[in-house]
Every structure is written in structure tokens, then in C-alpha cells.
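In case it helps, the numbering used here puts the sequence shown at residues 6 to 93. The C-beta atom is built at its ideal place from N, Cα and C for all residues, glycine as well. What you are looking at is a predicted structure, and each value in this text was computed from that prediction instead of being measured. The structure under discussion appears below in the form of C-alpha cells.
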Amino acid sequence: MLMAVLIGIALIVALVVFGTPVLQRRLMYFPDAERVSPASVALAGVEERVLKAPDGVEIVAWHAKPKSGQPTILYFHGNAAGLANRAE
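Shown next as C-alpha cells:
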């Protein structure tokens, strides 16, 4: 019985150790290349800005001026979907 449990644990560890490198590409985030304007998702007063990183990569950002007396918020939408999916 103990030998069966140890073999089971060893198989699970081997699967994780050898399976992760094979499947890691499927876990990566591949952003949607479609570019959506803020106006197309009904965001009045929001403008698109393109920021250039030192390595030449362009980062698309949406910018809205804060209301008077209100703080500025920097929002990172995460690795699922893109800006248009977070319009609300």
C-alpha cells in the first residue's frame, strides 16, 4: 500500500516537472492585436496615447483627465483581454 502511494506521488511530481515546460506556452498571455478606440466603446473625454518604451516597444494607453480635486488612477487591466473589455 505504501509503495503504491509513493509511486503515485512520484508520478504526479514527474508529471508536474516534465509537463510544465511542455505546456508553459499555453499559459502565456498573447494580447489581441485589434486596436479599439475609446470612442468606439462610448468613452467620452478619453483619448488614446501611444507610449514608446526605450526598447522601441509601443504601449497603447487610454487617458482621461481627472476631475478637479480628484486623484489620478493608474489602472493595469491584467493579462486577460484588453482595454476595450474594461471600458466600463
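Review point. Counting along the chain, where does the beta strand (DSSP E) carrying I64 start and finish?
Key: Taking the first residue of the sequence shown as position 1, residue 64 is located at position 59. Start and end: 63 to 69.
Exercise for review: Indicate the three-state DSSP secondary structure (helix, strand or coil) for R54 in the structure shown.
Suggested key: As a working mapping, residue 54 is identified with position 49 in the sequence shown. It is a strand residue.
Check your understanding: Looking at C-alpha atoms only, which residue of I64, G61, E63, A69 is the closest neighbour of E99?
Key -> The requested residue 99 is not part of the displayed model; the chain covers only 6 to 93.
Practice item. Spatial neighbours of L88 within its chain, please: CB distance less than 6 Å, with the 5 preceding and 5 following residues excluded, ordered by chain position. Key: As a first step, residue 88 must be located in the sequence shown, where it is residue number 83. Correct list, in chain order: W67.
Exercise for review: Measure the CB-CB distance between K57 and E63 and report whether it falls below 8 Å.
Suggested key: Your numbering for residue 57 matches position 52 in the sequence shown. Your numbering for residue 63 matches position 58 in the sequence shown. Going by C-beta atoms, K57 is nearer than 8 Å to E63.
Point to revise | Distance between L20 and L7 (C-alpha atoms, nearest Å) | key: For the purposes of this step, residue 7 is taken as residue 2 along the sequence shown, with counting starting at 1. For the purposes of this step, residue 20 is taken as residue 15 along the sequence shown, with counting starting at 1. Answer to the nearest angstrom: the Cα atoms are 20 Å apart.
Review point. Taking the alpha-carbon positions, what's the T25 to L48 distance?
Key: Taking the first residue of the sequence shown as 1, we reach residue 25 at position 20. Taking the first residue of the sequence shown as 1, we reach residue 48 at position 43. Straight-line Cα distance between these residues: approximately 41 Å.
Check your understanding: Do V55 and V46 have their C-beta atoms within less than 8 Å of each other?
Key -> Residue 55 sits at position 50 when you count from the first residue of the sequence shown. Residue 46 sits at position 41 when you count from the first residue of the sequence shown. The answer is no: Cβ separation not under 8 Å.
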